[in-house]
């Protein structure tokens, strides 16, 4: 099997996410699509590039993205840089005929998008945008339920993507706060919500929008901190989509609700193990006291060739606790001392004692019943 060599441009948080996906993919897919090896991790700071590269077997950290893109051995290029730094390496990767895996938004503005469209005319590689919210088992089921007609005619929809990352007016501004950098609530998180709604409902068109900038800092290039939008589908269903980075108390809160003549669906990205479903199976039954919302256990139920690892019934994120448990053990090994979590064998023995007490209590109860 050919080994595809990979370059990840951008060694920050999202670059690490892409690298993690490569390193664990064989566990999640019953048929690993291809054999891949990350060769380069590129970042503007050598230290950051090295920190990410050392997590990956055989990878090296560098600061020059051109070295990675122009490397004839590289087959796949990941674009994980800040939004305004996408276009130039993206154009170079297209011209070099590389396969491309690009973070959203693909470029920072419409002028760059027009240039990109021209470049794509002579591109023969495979490209992909990381619109990852389509890939929850719950959102895929949501689309299927609607496509199968179980909601009847769609009447309205509501969606929101809320974060609180801009709530501190004294926080130092970064590229995500400026329009020329492709920043703002719309480009950063609103794009996910819009894509998810259109993917599930079909083509949608923006009717009206209003944005908010409560902390302008006197900078005219400050991108919006929040935006509220009114949309309409081609079938005339109306809906609202909101994206905010000033929603106090929110972390990464994506929700989508869809209402039809025969039922409704609710997806909550913070609890993606379940999809909520309310259906009027018997016509007007939904208008009686019998109507109810039901939680569908979706979990990790992906169709083949993907697997249900770590198990369909385990809540999304369950495996993360195992990773943390292992890391704690390995840290204890390096210090040659028991973990401060206190989960050594003595704890295991104590638990067996408790279990034995339970069995004795159960046996005692049974004996009393016999008497």
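Residue numbers (our numbering): 23 to 393.
A virtual CB, placed ideally from N, CA and C, is assigned to each residue, including glycine.
Any idea which residues DSSP pairs residue i with across the strands?
i: residue 145; result: The partner list for residue 145 (beta bridge, DSSP) is empty, contrary to what the question assumes.
i: residue 63; result: 30 and 83
i: residue 261; result: 179 and 253
i: residue 288; result: 279 and 298
i: residue 157; result: BP columns for residue 157 are empty, so no partner.
i: residue 121; result: 98
i: residue 233; result: 249
i: residue 109; result: BP columns for residue 109 are empty, so no partner.
i: residue 266; result: 184 and 248
i: residue 200; result: 244
Please say whether residue j and residue i have beta carbons closer to each other than 8 Å?
i: residue 255; j: residue 225; result: yes
i: residue 30; j: residue 102; result: yes
i: residue 130; j: residue 108; result: yes
i: residue 78; j: residue 41; result: yes
i: residue 265; j: residue 248; result: yes
i: residue 182; j: residue 38; result: no
i: residue 289; j: residue 164; result: yes
i: residue 154; j: residue 218; result: no
i: residue 98; j: residue 28; result: yes
i: residue 351; j: residue 281; result: no
i: residue 213; j: residue 332; result: no
i: residue 287; j: residue 215; result: no
i: residue 196; j: residue 210; result: no
Rounded to a whole number of angstroms, what is the C-alpha to C-alpha distance between residue i and residue j?
i: residue 243; j: residue 159; result: 39 Å
i: residue 90; j: residue 258; result: 48 Å
i: residue 147; j: residue 328; result: 24 Å
i: residue 23; j: residue 34; result: 30 Å
i: residue 105; j: residue 72; result: 22 Å
i: residue 86; j: residue 49; result: 32 Å
i: residue 274; j: residue 292; result: 7 Å
i: residue 53; j: residue 330; result: 13 Å
i: residue 342; j: residue 263; result: 31 Å
i: residue 305; j: residue 176; result: Summary for residue 305: the model assigns pLDDT 47, below 50, so the residue's position carries little reliability, and this model does not support an answer.
i: residue 339; j: residue 353; result: 22 Å
i: residue 66; j: residue 88; result: 12 Å
i: residue 384; j: residue 366; result: 28 Å
i: residue 117; j: residue 169; result: 38 Å
i: residue 285; j: residue 194; result: 46 Å
i: residue 337; j: residue 115; result: 38 Å
i: residue 200; j: residue 316; result: 42 Å
i: residue 208; j: residue 361; result: 44 Å
i: residue 132; j: residue 203; result: 12 Å
i: residue 152; j: residue 43; result: 12 Å
i: residue 222; j: residue 93; result: 39 Å
i: residue 363; j: residue 377; result: 21 Å
i: residue 74; j: residue 46; result: 16 Å
i: residue 345; j: residue 60; result: 22 Å
Give the DSSP-derived three-state secondary structure of residue i in the structure shown.
i: residue 324; result: coil
i: residue 242; result: coil
i: residue 228; result: strand
i: residue 315; result: coil
i: residue 40; result: helix
i: residue 184; result: strand
i: residue 375; result: helix
i: residue 53; result: coil
i: residue 293; result: coil
i: residue 304; result: Confidence at residue 304 is low in this model, with a pLDDT of 46, below 50, so the placement of that residue should be treated as unreliable; the coordinate-derived value is given next. Reduced to three states, the DSSP call for residue 304 is coil.
i: residue 102; result: coil
i: residue 152; result: coil
i: residue 329; result: coil
i: residue 23; result: coil
i: residue 58; result: strand
i: residue 165; result: helix
i: residue 370; result: helix
i: residue 355; result: helix
i: residue 192; result: coil
i: residue 35; result: helix
i: residue 211; result: helix
i: residue 170; result: coil
i: residue 335; result: coil
i: residue 126; result: coil
For the candidate residues the options, whose alpha-carbon lies nearest to that of residue i?
i: residue 260; options: 365, 381, 200 and 227; result: 227
i: residue 141; options: 112, 132, 345 and 162; result: 112
i: residue 62; options: 56, 281 and 95; result: 95
i: residue 26; options: 56, 170 and 201; result: 56
i: residue 235; options: 365, 250 and 222; result: 250
i: residue 319; options: 349, 297 and 252; result: 297
i: residue 58; options: 64, 68, 364 and 80; result: 80
i: residue 268; options: 233, 69, 253 and 114; result: 233
i: residue 220; options: 211, 191 and 253; result: 253
i: residue 314; options: 299, 192 and 271; result: 299
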